[in-house]
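For reference, the structure is listed below as structure tokens.
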Amino acid sequence: MDPRSEVLLRQAELFQGQVLLAGLPADDLLGKLPAARGWSWHAGEQAGLEQRFAGRSEFGTTAPASPFASAVLFLPKSRELTDYLLDSLAARLPGALLYLVGEKRAGIERAAKQLQRFGKPRKLDSARHCQLWQVQVDNAPAVPQLESLAERISLPLSDGPLDVITLPGVFSHGRLDRGTALLLEHLDKLPSGHLLDFGCGAGILGSVLKRRYPQSRLTLLDVDAFALAASRMTLAANGLEAEVLASDGIHGAPGGLSAIISNPPFHSGVHTNYAASETLLREAARHLLPGGELRIVANSFLRYPPLIEEHLGTCQTLAEAEGFRIYQARKG
Numbered sequence: 087m088d089p090r091s092e093v094l095l096r097q098a099e100l101f102q103g104q105v106l107l108a109g110l111p112a113d114d115l116l117g118k119l120p121a122a123r124g125w126s127w128h129a130g131e132q133a134g135l136e137q138r139f140a141g142r143s144e145f146g147t148t149a150p151a152s153p154f155a156s157a158v159l160f161l162p163k164s165r166e167l168t169d170y171l172l173d174s175l176a177a178r179l180p181g182a183l184l185y186l187v188g189e190k191r192a193g194i195e196r197a198a199k200q201l202q203r204f205g206k207p208r209k210l211d212s213a214r215h216c217q218l219w220q221v222q223v224d225n226a227p228a229v230p231q232l233e234s235l236a237e238r239i240s241l242p243l244s245d246g247p248l249d250v251i252t253l254p255g256v257f258s259h260g261r262l263d264r265g266t267a268l269l270l271e272h273l274d275k276l277p278s279g280h281l282l283d284f285g286c287g288a289g290i291l292g293s294v295l296k297r298r299y300p301q302s303r304l305t306l307l308d309v310d311a312f313a314l315a316a317s318r319m320t321l322a323a324n325g326l327e328a329e330v331l332a333s334d335g336i337h338g339a340p341g342g343l344s345a346i347i348s349n350p351p352f353h354s355g356v357h358t359n360y361a362a363s364e365t366l367l368r369e370a371a372r373h374l375l376p377g378g379e380l381r382i383v384a385n386s387f388l389r390y391p392p393l394i395e396e397h398l399g400t401c402q403t404l405a406e407a408e409g410f411r412i413y414q415a416r417k418g
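Read in our numbering, the sequence shown has 292 at position 206, and its numbers run on one by one without any break.
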């Protein structure tokens with residue numbers, strides 16, 4: 087059981103009614119609170135919840151339309167995203183109770199101050215290195231529009247500027263990270279066919295791929311609903327079209343790919359987690375056609391080449407700069 091869920095269950099009498107659990111982990115919390123429902127923006131958590139509690143959790147960037155009498159937000163990493171989520175919930179709960187739960191190391195005490203605009207927050211519990219806060223929504227905000235949080239940046243690339251739309255909570259919000267910048271310089275001579283941008287974030291790589299390889303089919307995949315929304319916005323801003331898929335790993339990708347391109351993820355919330363990246367390296371060959379290529383950027387200290395060569399083929403280093411390397415391998 088997630089420690090944040092354990093803290094909620096210490097106060098289980100507060101959550102027996104129609105409570106919405108926003109950003110909940112895929113543990114047994116819904117089983118302990120039979121009248122509760124979930125709202126998730128993490129495809130992996132949602133898949134686990136759907137498997138165990140079919141129909142009781144919804145995936146997306148907006149709060150479920152079905153009514154709820156109170157809500158609990160499991161604190162996300164981004165302060166801006168926390169604001170959006172709190173406003174989304176508080177707008178539906180005038181005069182009702184809104185809760186915030188999170189780990190101390192994730193900044194729950196700081197985040198609790200974000201409740202002050204709705205009323206007077208109070209701490210209900212502190213245990214398992216987590217805290218639970220409550221506020222009565224005396225000042226309900228208007229329902230926030232996701233598009234109003236979008237930040238537009240223009241990237242000056244060799245083949246012309248690219249408009250990028252980013253959202254709070256999405257990797258590298260409002261800027262171009264160094265790893266992606268390096269990979270953008272090494273996207274030439276990819277095999278034609280079906281291309282996959284794995285861990286697409288705001289859709290920068292995917293949009294550049296579609297622009298440079300317009301005849302190729304393109305799929306963008308990410309675990310995060312807000313990243314998928316940002317990718318759709320970025321594609322639209324540049325007049326591009328592609329398939330956008332939600333999945334927590336390469337298992338959700340289509341087969342018959344000619345190339346997989348990625349700046350693979352290594353965070354899960356506030357935690358460092360290389361599982362999705364390492365699984366990509368192990369399973370890429372199953373999704374690639376013979377001769378298909380894997381091309382990724384990674385921190386140079388990560389020992390990815392032996393893993394790539396074990397499961398795919400000879401690994402070449404195409405470039406190295408500022409602590410990153412571009413790796414390339416083809417399926418034999």
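Ideal placement from N, C-alpha and C gives every residue a C-beta, glycine not left out.
Please read these numbers as outputs of a predicted model, since none were measured by experiment.
{"Query": "Helix, strand or coil for His357? Go by DSSP, reduced to three states.", "Result": "Note that His357 scores a pLDDT of 45, beneath 50, so its modelled location is shaky and nothing firm can be said."}
{"Query": "Go ahead and label Gly285 buried or exposed: buried means 16 or more other beta carbons lie within 10 angstroms of its beta carbon, across all protein chains shown.", "Result": "buried"}
{"Query": "Alpha carbon to alpha carbon, what distance is there between Gly325 and Tyr170?", "Result": "27 Å"}
{"Query": "Roughly how many angstroms separate the alpha carbons of Ala228 and Ser258, rounded to a whole number?", "Result": "28 Å"}
{"Query": "So if DSSP puts Asn349 in a beta bridge, which residue, or which two residues, is it bridged to?", "Result": "In DSSP, Asn349 forms no bridge with anything."}
{"Query": "Identify the residues that DSSP records as bridge partners of Ile132: which are they?", "Result": "For the record, residue 132 in the displayed sequence is Gln; it is not Ile. The partner list for Gln132 (beta bridge, DSSP) is empty, contrary to what the question assumes."}
{"Query": "Give the single residue among Leu375, Ala133, Ala316 and Trp125 whose Cα lies nearest to the Cα of Gly287.", "Result": "Ala316"}
{"Query": "If you scan the region 118-185 from start to end, which runs of the beta strand (DSSP E) of 3 or more residues do you find wholly inside it?", "Result": "123-126, 143-145 and 156-160"}
{"Query": "Exposed or buried, Phe387, counting other C-beta atoms within 10 Å across all chains shown (16 or more means buried)?", "Result": "exposed"}
{"Query": "Are the C-beta of Gly103 and some C-beta of chain C separated by less than 8 Å?", "Result": "The chain labelled as chain C is not found in the depicted structure, where only one protein chain is given."}
{"Query": "According to DSSP, is Val250 part of a helix, a strand, or is it coil?", "Result": "strand"}
{"Query": "For the structure I just gave you, are there three or more beta carbon pairs, one from the region 183-199 and one from the region 208-221, closer than 8 Å?", "Result": "yes"}
{"Query": "Pick out whichever of Pro120, Gln102 and Glu92 has its Cα sitting closest to the Cα of Pro111.", "Result": "Glu92"}
{"Query": "Which of the three DSSP states is assigned to Leu95 in this structure?", "Result": "helix"}
{"Query": "If I measure Cβ to Cβ from Ala313 and keep anything under 6 Å in the same chain, skipping five residues before and after, which residues do I get?", "Result": "Val256 and Gly287"}
{"Query": "Please confirm if the region 97-116 is in contact with the region 152-170, defined as three or more CB-CB distances below 8 Å between the two stretches.", "Result": "yes"}
{"Query": "Name the one or two DSSP bridge partners that Cys401 has.", "Result": "Ala415"}
{"Query": "Tell me the rounded alpha-carbon separation between Thr168 and Pro162.", "Result": "6 Å"}
{"Query": "At which residues does the beta strand (DSSP E) containing Val383 begin and terminate?", "Result": "Leu374 to Asn385"}
{"Query": "In this structure, how does DSSP classify Ser240 when only helix, strand and coil are distinguished?", "Result": "strand"}
{"Query": "Can you name the residues that DSSP bridges to Val330?", "Result": "Leu306"}
{"Query": "Between the alpha carbons of Ala322 and Thr252, how many angstroms are there, rounded?", "Result": "13 Å"}
{"Query": "DSSP has Phe494 in a bridge; who is on the other side?", "Result": "Shown here, the chain extends from 87 to 418; a query on residue 494 therefore has no answer."}
{"Query": "Using CA atoms only, rank isn't needed, just tell me which of Gly130, Glu136, Ala157 and Phe145 is closest to Ala122.", "Result": "Ala157"}
{"Query": "Tell me the residue span of the alpha helix (DSSP H) that contains Phe312.", "Result": "Ala311 to Ala323"}
{"Query": "How long is the line joining the alpha carbons of Thr403 and Ala362, rounded to whole angstroms?", "Result": "21 Å"}
{"Query": "Measure the C-alpha to C-alpha separation of Val223 and Arg208 and round it to an integer number of angstroms.", "Result": "12 Å"}
{"Query": "With a threshold of 8 Å on Cβ separation, who are the neighbours of His397 within its own chain once the five nearest residues in sequence on each side are excluded?", "Result": "Leu367, Arg368, Glu369, Ala370 and Ala371"}
{"Query": "Check the C-beta distance from Thr473 over to Leu291 and give it rounded, since I have them as a contact under 8 Å.", "Result": "No information on residue 473 is available, as it lies outside the stretch 87 to 418 that the chain covers here."}
{"Query": "Exposed or buried, which one is Arg90 when buried takes at least 16 other CB atoms within 10 Å?", "Result": "buried"}
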